[in-house]
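Structure, as structure tokens:
Number of protein chains: 2
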Amino acid sequence: MSAEQIQTALKILKGAGVRMTPQRHAILSYLMNTKSHPTVDEIYKSLGGKFPSMSVATIYNNLKMFKDLDLVKELTYGDSSSRFDANMEEHYHVVCLKCGTIEDFYYSGLHQVEEEASTSTGFKVISHRMEVYGVCSDCQVQH
Amino acid sequence: MSAEQIQTALKILKGAGVRMTPQRHAILSYLMNTKSHPTVDEIYKSLGGKFPSMSVATIYNNLKMFKDLDLVKELTYGDSSSRFDANMEEHYHVVCLKCGTIEDFYYSGLHQVEEEASTSTGFKVISHRMEVYGVCSDCQVQH
DNA sequence: CTACTTGCAAACTTTTTGCTTGCGA
DNA sequence: TCGCAAGCAAAAAGTTTGCAAGTAG
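See the structure below:
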């Protein structure tokens, strides 16, 4: 993710009256510089070198705030813990059922589904979510 | 859900060598007769009148088996606990962001998304999942 | 300076596990 | 009768909370 996007995020935080701390900055830039959709535990372990004293609560607190400010999205799959994604463009995920890898892909044309849902249920539709499940190319090779 | 479908489910269980018990039957028919996509806790409370001594572990055990035999699906939304759905037809859900109600809706035409995902990521696609979020008609009325 | 943040530990929630007793076929 | 299933409680695992101490602005 570009440095420019991180600057934008920092402005949003400042605008919301949020104080910047080294931990907060590290969590944010870690999320914005990875494509791996990490769990809280993965963030915790990854930043443990830089901040040995950082607690998981700090990560949870910050992620919740980032979510409220629409800087990150929380992904909940069947597995036990949530994953987080700082890519806020409209995109979707393909999840490997063998190794758990998550890859992004882009697709447009799902707004029709929202319309259909609205018509058939009477809901005022706000958003949608979709994922594709399968086996990634690496796992297909290993028989 | 029709009694016929319950009979089919019972045959599948019998065929898999699964022994029938009153609790198991109650959990299964409860799921097959509701459209509410209940959580474990809701099932537990609903059947508590009939089986005061039933433990949550029994519900978890049975649901896991039902899932393995493809009799129910587990739904994981952002909220804390899983929900379960015995409607195995291909269908989707609209979730109300205010009251949490989940309604079914039907739509065909998402197989193209699977193809697109496969082409762009190299995954061997197996399934997909999608949900629409919004506000249900009841919650729209209450200002 | 002072209110927001962090770190820590305890609490809570959901789900899983181990083991004994019970009961369906 | 025999082995799968239920009940129970303890343990995991993930997340939230309360409070004292630290620090950004």
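If you read the protein sequences in the order shown, they are chains A and B. Once you know that position 85 of the first sequence is 84 in numbering that gives the first Met the number 0, the rest is easy, because the numbers rise by one and skip nothing. Once you know that position 108 of the second sequence is 107 in numbering that gives the first Met the number 0, the rest is easy, because the numbers rise by one and skip nothing. Note that beta-carbon positions come from the ideal geometry of N, C-alpha and C, so glycine has one too. Quick caveat, the model's predicted, so the values are computed rather than measured.
DSSP, read as helix, strand or coil, puts H24(B) in helix.
Between E73(B) and chain A, the shortest Cβ-Cβ separation is below 8 Å. At least one CB atom of chain A sits nearer than 8 Å to the CB of K123(B). Counting C-beta atoms within 10 angstroms of its own C-beta, T100(B) has 16 or more neighbours from the protein chains shown and is therefore classed as buried.
A buried status is given to D84(A), since no fewer than 16 other beta-carbon atoms sit within 10 Å of its beta-carbon.
Rounded to whole angstroms, the Cβ separation of D103(A) and N86(A) is 7 Å, and the two are in contact under 8 Å.
The three-state reading of DSSP puts K72(B) in strand, counting E and B together. Rounded to whole angstroms, G48(B) and V124(B) show a C-alpha spacing of 44 Å. Annotation: V39(B) has no Cβ neighbours in chain A at a cutoff of 7 Å; minimum Cβ distance is about 15 Å. Three or more beta-carbon pairs drawn from the region 58 to 76 of chain A and the region 23 to 30 of chain A are found closer than 8 Å, and the two stretches are therefore classed as touching.
What F104(A) touches in chain B, judged by beta-carbon distance under 8 Å, is E115, A116, S119 and T120, going in chain order.
With fewer than 16 other CB atoms across the displayed protein chains lying within 10 angstroms of its CB, H90(B) is exposed. Sequence-distant Cβ neighbours of L70(B) in its own chain, meaning closer than 6 Å and more than five residues away, are A8. Rounded to whole angstroms, the Cβ separation of C95(A) and F122(B) is 7 Å, and the two are in contact under 8 Å. In this model, S35(A) and S80(B) are separated by some 25 Å (Cα to Cα). Pairing A116(B) with V140(A) gives a Cβ-Cβ distance that is not under 8 Å. Taking the Cα of G133(B) as reference, the smallest distance to any Cα among H127(A), C138(A), G108(A) and K10(A) is reached at H127(A). Secondary structure at H127(B): strand, using DSSP grouped into helix, strand and coil. With a threshold of 8 Å between beta carbons, G99(A) makes no contact with chain B. Residue pairing for F104(B): DSSP places it in a beta bridge opposite Y91(B). Interface residue (Cβ-Cβ distance to chain A less than 8 Å): Q139(B) is classified as such. Distance from the Cα of T120(A) is smallest, within the candidate group S119(B), E113(B), T118(B) and E130(B), for E130(B). Beyond the five residues adjoining it in sequence on each side, L109(A) comes within less than 7 Å, by CB distance, of H127 and M129 in the same chain, given in chain order. Annotation for F65(B): the continuous alpha helix (DSSP H) segment containing it runs V55 to D67. Closest by C-alpha distance to Y43(B), out of R82(B), Q111(B), L74(B) and Y105(B), is R82(B). Rounded to the nearest whole angstrom, the CA to CA distance from K10(B) to Y29(B) is 17 Å. With respect to chain A, the C-beta atom of Y76(B) has a partner C-beta closer than 8 Å. Apart from sequence neighbours up to five positions away, the residues of its chain that approach Y105(A) with a beta-carbon distance below 6 Å are H90, ordered along the chain. Interface with chain B (8 Å Cβ-Cβ cutoff): Y29(A) is excluded.
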